Amino acid sequence: MIENLPKTYNPKSFEDRLYEFWSEKGYFKARVDKNKKPYTIMMPPPNVTGELHMGHALNNTIQDILIRWKRMEGYEALWLPGTDHASISTEAKVVEKIKAEGKSKDELGREGFIEEAWDWTRKYGGSINNQLKKLGISCDWSRERFTLDDGLSNAVEEVFIRLYEKGLIYRGDRIINWCPNCRTAISDAEVEHEDSMGYIWHIRYPIKDEDGYITIATTRPETILGDLAIAVNPEDDRYKDLIGKTAILPLVNREIPIIADEYVEMEFGTGAVKITPSHDPNDFEVGERHGLGQCIILNEDATINENGGNYNRLDRYEARKKIVEDLEKERYLVEVKEHENSIGHCERCKTVVEPLISKQWFVKMKPLAKPALEAYYDKNLNFIPDRFGKIYTHWLENIRDWCISRQLWWGHRLPVYYCEDCDEIMVSKESPEKCSKCGSVNIYQDPDTLDTWFSSALWPFSTLGWPEDTEDMKYFFPTDVLVTGYDIIFFWVVRMVFSSIEQTGEIPFKDVFLTGLVRDAEGRKMSKSLGNGIDPLDVIDEYGSDALRFTLVTGNTPGNDMRFYMERVEANRNFANKLWNATRFVLMNLDENITKDSLNLDTLEEEDKWILSRVNTVIKEATENLEKYEIGISAQKIYEFTWEEYCDWYIEMVKPRLYGEDIESKETAEKVLLYVLENILKLLHPFMPFITEEIWQHLPERDKPLIISDWPVYKEEDYHPDVEKRMAYIMTAIKGIRNARQEMNIAPSKKAPILCLTQDEDVKAILSYGKRYFINLASAEDIKILEDRSTLGDDNISVVLDKCEIFIPLKDLIDYNKEIKRLEKEKEKLELELKRVRGKLSNEGFVNKAPENVVAGEREKEKKYTDMMGKVIERLESLKSN
RNA sequence: GGGCGAUUAGCUCAGUUGGUAGAGUGCCACGUUGACAUCGUGGAGGUCAUUGGUUCGAGCCCGAUAUCGCCCACCA
């Protein structure tokens, strides 16, 4: 006997050790190797100070499965990890920290603050890496990148400068989304809209030098402080006379023109709209068309500024309240109605954002979006599942310019310099010594940093050394697949695609595999505030990494959300345990001198050929499923094969040979057991890397670790449909016998001979050959083939099969009423089947139009069921007459 | 306002080209035979949301409807 495994599967005893082993041996490392084909995945970089959650676990498990599989297939597999500096989120945390210490950003100054941020990053950063390692992920840690690394920062500056020089980055006064809490501009993608019930106020504005009023509707009355016009539709008869006249802004008493603009919808509200160019994107455009100018009324913290007169320094909502009160007091308020509208919130801190005009930097999107759209339409970029392609294109087709400047300190500072004297803008990596226009030496750098996603957008190539023309870049780029959550298609996927096309001329990946959300058992999103998050590390601690991984990739479809149940983890842990014990069984029966030299085909028994044929098919199918990214289906097939076919059938069938005297047969069985087990381990390794490697290393004669061994390939010569058919017959017979015996409550320990009544030569052969299966698996004492029923007594239970009847004489153990009931149930089943088949065959349309083989199949079934039905009836009659 | 997804066994979900509906879990019964009780064997359990249509044949394809969920959107 060979050194065996401990009795129980205990993942803790080997998972960390194996990770260490793989890591030390350098199996995760990828090198440029022109003799091999590259396979590349860039890991979506988690926030550097983040903690591992189920989303990461899912994401990285999928990537690891793909990478391990491709590595075994012989690709030079690079999986590059790294982290993101997450500017807005990290900065907020650091601000909070220094606030707790009684300090502020301004007190610390820019350099001091950045130092604090680096301290924070060093302190909390990287812990997610160690957590990821617990998952067993085989990424190349030697190539780990951070978005604020020198190399990546250089790439960021390079891209900024190139886009600027091409005219694709510009600076301008535009309406942007301002978060009063984060105190920075944010992009459209960072605004979450939420429908909520609010109010709409109808307010009348006096007309100058006339008695009348014009009534407008607004949901944000405080913005009247910034009104610069009232607009009506030029076709609107109600207001035609007023166009060109002047209205008086209530409370403020500013004179504003009444203008005509097609943007106004006559049917909505009162048909007259107040125009606040500085605080509404539509009003901004109207303002531009009519040359209205600007009037900003808010400070950075969303309090009213000095343009708000009496309302100066009030918070926006206090101001709203006060203004409504004042309007009412002065009889400008006509009515208030409930009104549902959608309010934008900051994606990070949930504060209501304010649209306001501000001088910011933007990326011009239209020219960049075009090739990114073509990539999808030309099928050079695929989404899995494909429906996300629509989301991608819809976004790109309606895209607006991307605001990339942030009023933050933690991040990539804009490579932009200004001349203090002549305001000239200079864009370069280093600070210019003097102004390129006026020669002044009074130069200062733009204080803003770039949107985090600006650097993430370059991730697929900045991580490989771009803009240098590196060997890595030439070999590993473009990458093969991106695996990420559908929630960051806009933030990230889109931006990587257009950035990569623009900078490298290549689409950064062929496929985008989108994962759904992992929810809790009630279907709620896991979140910190709800406290319903399940920590992947806790799950690993209790059930092992492999069980968690398997749970995350089975029982759901790509792109669909999944609910996380501990019961499922437990079930998968049990599967691991099953495999563990199957291995123990194989090992304890292996001869010490077993060699892996090729099998002697002549000594193969029927069940050997069967399991070899089956494993061969599973190899084919599991691989095909992986190729189509059907990871869960692939895993499921391997699971079923291992548990049902290998453990429940093959091992049980082979036991008598292992305990028997026939040495040659025993040896063959051992070799087949080992061969199939090895293939199971290989197939399962990407899904359950730890247990498979641990087991593998206990097997005899392995030349290399499982992680780098060869992925199994389908062999045509191992496919035996005839054997599979015969074995299926035997299995049906065994199941029939077991069923009948259990329904009759006959203990498995009670052995009985089985008598097979058949005239069919093939069936006779199958059954005689299968004698030992029946003895072992169907409590058979012996097996006899009968040609006629003359020698049969009546003290049997019977099982009706295709072309054969099996009788089990059990004399006084048989309850005949029960047996009649059981057979009647059989009869009912057959009746249903026959009804279905005959219905089909009596349908002329079916017979004429269905494919020949389908019709032939149904005819065969009809014959089979008719025959079986006859036997069941005959048996029933015989029983009833006694 | 537009788009997408879901609706299949008590629960959670699979279901790849249309051809007798599957798994895990839970439930019931039997069983500790020399891998495994984290197990084995057997069983019960489904009008595939509703409704039209295409087809010889629909869980699957097409058109509606309903319920739930998500995403997008500048109606003040």
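Be aware that the first sequence starts at 14, since it is given in my numbering, and climbs by one per residue.
Don't be surprised by glycine CBs; every beta carbon is placed ideally from N, CA and C.
Here the structure is a predicted model, which is why all the values come from computation and not from measurement.
- Here the alpha carbon of E351 sits roughly 47 Å from the alpha carbon of L176.
- In the three-state scheme derived from DSSP, where H, G and I count as helix and E and B as strand, G749 is classed as helix.
- The Cβ-Cβ distance between A746 and L694 does not fall below 7 Å.
- Annotated three-state conformation of P549 is helix, per DSSP.
- Taking all protein chains shown into account, R302 has fewer than 16 neighbouring C-beta atoms within 10 Å of its C-beta and is therefore exposed.
- For the options V510, T103 and T53, the alpha carbon positioned closest to that of W92 is the one of T53.
- Spatial neighbours of P380 in its own chain (CB-CB distance under 8 Å, excluding positions within 5 residues in sequence) are listed in chain order as L181.
- For V850, no beta strand (DSSP E) run applies; the uninterrupted alpha helix (DSSP H) run containing it begins and ends at Y829 to L854, by DSSP.
- By alpha-carbon distance to T283, the top candidate from P294, I227, T316 and L262 is I227.
- For E205, the three-state secondary structure derived from DSSP is strand.
- The beta carbons of F563 and F526 sit about 18 Å from each other, so the pair does not count as a contact at 8 Å.
- For I336, same chain residues with a beta-carbon under 6 Å away, outside a window of 5 residues either side, are P234 and E235 in chain order.
- Under the three-state reduction of DSSP, H215 is assigned to strand.
- Relative to A244, the option among S151, F281, V169 and G211 whose CA is nearest is F281.
- Straight across, the Cα-Cα distance linking E360 with A648 is about 36 Å.
- Between the stretch 832 to 841 and the stretch 773 to 790, the count of Cβ pairs shorter than 8 Å is below three; the stretches do not touch.
- A check of alpha carbon separations from S894 across N72, I833, G95 and V204 identifies I833 as the nearest.
- Inter-segment contact for the stretch 445 to 457 and the stretch 476 to 494 is absent: fewer than three beta-carbon pairs are separated by less than 8 Å.
- In the DSSP assignment, D795 falls within the beta strand (DSSP E) that extends over A793 to L799.
- Spatial neighbours of V510 in its own chain (CB-CB distance under 7 Å, excluding positions within 5 residues in sequence) are listed in chain order as A385, A388, L394, I520 and P521.
- Taking C-beta atoms as the reference points, F467 and I417 count as a pair closer than 7 Å.
- Contact between the stretch 656 to 668 and the stretch 698 to 714 is absent: fewer than three C-beta pairs spanning the two stretches fall below 8 Å.
- Only exposed fits Y276, as fewer than 16 other CB atoms lie within 10 angstroms of its CB.
- Shown here for K42: same chain residues with a beta carbon closer than 7 Å to its own, the five before and five after excluded, namely D153 and S155 in chain order.
- N809: member of the beta strand (DSSP E) spanning N809 to L814, first to last residue.
- Residue burial is scored here from C-beta neighbours: Q76 has at least 16 other C-beta atoms within 10 angstroms and is therefore classed as buried.
- Within its own chain, the residues whose Cβ lies closer than 8 Å to the Cβ of E618, once the five positions on either side in sequence are excluded, are R670, S678, T681 and A682, listed in chain order.
- Between T771 and C817, the CB-CB gap stays under 7 Å.
- With a threshold of 16 other beta carbon atoms within 10 Å, Y663 meets it and is buried.
- If you compare the alpha carbons of E319, G164, H69 and M740 with that of L625, the shortest gap goes to M740.
- DSSP places A130 inside the alpha helix (DSSP H), whose first and last residues are K118 to Y137.
- Around the Cβ of I438, a 10 Å sphere holds fewer than 16 other Cβ atoms; the residue is exposed.
- Spanning the alpha carbons of R888 and R835 requires a straight line of approximately 12 Å.
- If you ignore the 5 residues before and after T567, its C-beta comes within less than 7 Å of the C-beta of G645, A648 and Q649, all in its own chain and listed in chain order.
- By the CB criterion at 7 Å, L71 and V531 fall inside the cutoff.
- Here G68 carries a helix assignment [DSSP, helix/strand/coil].
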